[in-house]
Amino acid sequence: MFAFKKTLDETREKLKRMSEIKTVVIVVDELDRCMPEYAVKVLERLHHLFEGIPNTIVIMAVDSKQLENSVKKIFGNAVDTGRYLRKFISFNLELGVGELQSKYVERYNYYFEKFEERDAAAEELQTLVTLCQIDIRNLNKLIEKLDIIHTLAFKGKMSESVLWFELMWGMIKYKISLPNKEGKYSDWSDDLYWLPEIDHATYGGLVNYLSKDIIEYLKEKKNIAMTHTRIIGMNSEEIMVSNDFNGEAWHILDQLLAHKKTLYMDPVNQTVDIDECKKFIEFAKILW
Numbered sequence: 002m003f004a005f006k007k008t009l010d011e012t013r014e015k016l017k018r019m020s021e022i023k024t025v026v027i028v029v030d031e032l033d034r035c036m037p038e039y040a041v042k043v044l045e046r047l048h049h050l051f052e053g054i055p056n057t058i059v060i061m062a063v064d065s066k067q068l069e070n071s072v073k074k075i076f077g078n079a080v081d082t083g084r085y086l087r088k089f090i091s092f093n094l095e096l097g098v099g100e101l102q103s104k105y106v107e108r109y110n111y112y113f114e115k116f117e118e119r120d121a122a123a124e125e126l127q128t129l130v131t132l133c134q135i136d137i138r139n140l141n142k143l144i145e146k147l148d149i150i151h152t153l154a155f156k157g158k159m160s161e162s163v164l165w166f167e168l169m170w171g172m173i174k175y176k177i178s179l180p181n182k183e184g185k186y187s188d189w190s191d192d193l194y195w196l197p198e199i200d201h202a203t204y205g206g207l208v209n210y211l212s213k214d215i216i217e218y219l220k221e222k223k224n225i226a227m228t229h230t231r232i233i234g235m236n237s238e239e240i241m242v243s244n245d246f247n248g249e250a251w252h253i254l255d256q257l258l259a260h261k262k263t264l265y266m267d268p269v270n271q272t273v274d275i276d277e278c279k280k281f282i283e284f285a286k287i288l289w
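Here the working numbering is used: the first residue of the sequence shown is 2, the next is one more, and so on.
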């Protein structure tokens with residue numbers, strides 16, 4: 002302990018001399034991705050090293066929620082994480098996820114060139130990314146993962162309806178798998194059976210994971226796809242969807258996810274092989 006304290010004092014003294022010449026900026030990244038014990042230990046070491054040294058700034062780029070979870074794992078759920086972290090963090094600056102630029106589509110041209118309507122597919126991607134608030138790092142991983150799964154499930158070029166189906170499944174799957182503001186995980190992340198009936202089904206608490214904007218977007222897309230409804234029984238109905246890529250994509254979602262199938266297409270105009278799309282979800286559940 003004596004040797005450690007001596008090393009600590011010598012280090013602080015050298016930092017003081019450096020800060021007299023120029024501002025010292027220490028950048029700490031990925032702390033929220035470390036094991037809780039290590040993350041808390043680093044916080045305390047940073048405090049011991051740099052606290053009280055003038056002209057010295059420590060910048061930590063972290064996911065605040067994950068860092069709070071790390072603190073709770075060490076000290077228990079009853080700990081006041083805000084009060085504890087204020088010992089180390091003077092102020093917070095929240096950074097947004099940014100806006101998706103057109104060059105992003107060019108970067109993943111190998112994925113988008115599989116489809117005939119490349120621009121329409123890119124537009125759907127941009128809308129979903131904005132609504133789901135997916136940062137670029139995780140979006141990179143998501144697109145690469147979708148491309149691998151697509152290659153396993155499909156052969157040759159597919160219509161933009163399949164792309165929209167893939168993006169819809171992937172984005173919503175990613176979004177609902179994240180914890181809400183209280184750190185709780187959704188019970189509906191494994192099975193998206195509720196997605197095809199999002200326009201009329203009520204699921205308590207769903208808005209806490211998807212947000213009102215996402216739910217309204219999904220409802221609007223489905224309503225646009227619907228052409229007419231036919232009552233076929235006392236408590237049963239048959240909903241016909243349009244023969245464009247939006248209607249076809251909702252038909253795929255209904256056939257693969259819904260517990261009770263209600264969306265139908267004219268078999269003559271149906272071009273997508275449901276079995277291939279089924280393979281996509283099967284591979285996705287394995288590789289996700």
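Just so it is clear, CB atoms sit at the ideal spot from N, CA and C, and this is done for glycine as well.
Roughly how many angstroms separate the alpha carbons of residue i and residue j, rounded to a whole number?
i	j	result
ARG34	SER71	9 Å
THR1	LEU211	Because the chain spans 2 through 289 in this model, residue 1 falls outside it and cannot be assessed.
TYR265	GLU217	22 Å
ALA259	ALA62	41 Å
ILE22	LEU47	21 Å
ASP200	LYS220	5 Å
ARG108	GLU95	27 Å
LYS104	ASP120	12 Å
TYR1	THR24	Residue numbering for the chain in the displayed model covers 2 to 289; residue 1 lies beyond these limits and cannot be assessed.
Excluding the 5 residues preceding and the 5 following residue i in the sequence, name in chain order all residues of the same chain whose CB lies nearer than 7 Å to its CB.
i	result
GLU117	LYS158, SER160, GLU161
GLU167	LEU147, HIS151, PHE281
ASP30	ALA62
Hey, out of the options, whose CA is closest to residue i's CA?
i	options	result
PHE89	LYS42, ILE149, GLU183, GLU249	LYS42
ILE173	LYS185, ILE149, ASP191	ASP191
MET36	PHE51, LYS74, PRO55	LYS74
LYS261	TYR105, GLY99, LEU193, MET19	LEU193
LEU143	TRP170, ASN78, GLN256	TRP170
GLU38	GLU100, VAL106, GLU69	GLU69
LEU32	ILE253, VAL25, VAL59, GLU125	VAL59
VAL106	GLU95, LEU96, ALA79, ALA122	ALA122
ASN209	THR228, GLU198, LYS182, ILE225	LYS182
TRP289	GLY77, LYS176, VAL26	LYS176
Beta-carbon within less than 8 Å of residue i's beta-carbon, same chain only, minus the 5 sequence neighbours each way: which residues are those?
i	result
LEU50	LEU9, THR12, ARG13, LEU16
SER178	TYR186, SER187, SER190
LEU257	ILE275, CYS278, LYS279, ILE282
SER20	ILE54, PRO55, ASN56, THR57
THR131	GLU100, LEU101
With a threshold of 6 Å on Cβ separation, who are the neighbours of residue i within its own chain once the five nearest residues in sequence on each side are excluded?
i	result
LYS280	ALA154
ARG138	none
LEU44	PHE89
ILE215	LEU132
MET241	THR228, HIS229, TYR265
Please check the pair residue i and residue j, which I expect to be a contact at CB under 8 Å, by giving their CB distance rounded to whole angstroms.
i	j	result
ALA285	ILE135	Going by Cβ atoms, the distance from ALA285 to ILE135 rounds to 17 Å, so no, they are not a contact pair.
SER65	ASN93	7 Å
LEU254	LEU196	6 Å
TRP165	GLU125	5 Å
ASN247	LYS213	Not quite, the Cβ-Cβ distance comes to about 21 Å (not below 8 Å), so this is no contact.
Contained beta strand (DSSP E) runs [length at least 3] in the region 169 to 254, N- to C-terminal order: 227 to 234, 237 to 242
Alpha helix (DSSP H) runs contained entirely in the region 14 to 83, provided each spans 4 or more residues: DSSP runs (the alpha helix (DSSP H)) wholly in the region 14 to 83: 37 to 51, 65 to 76.
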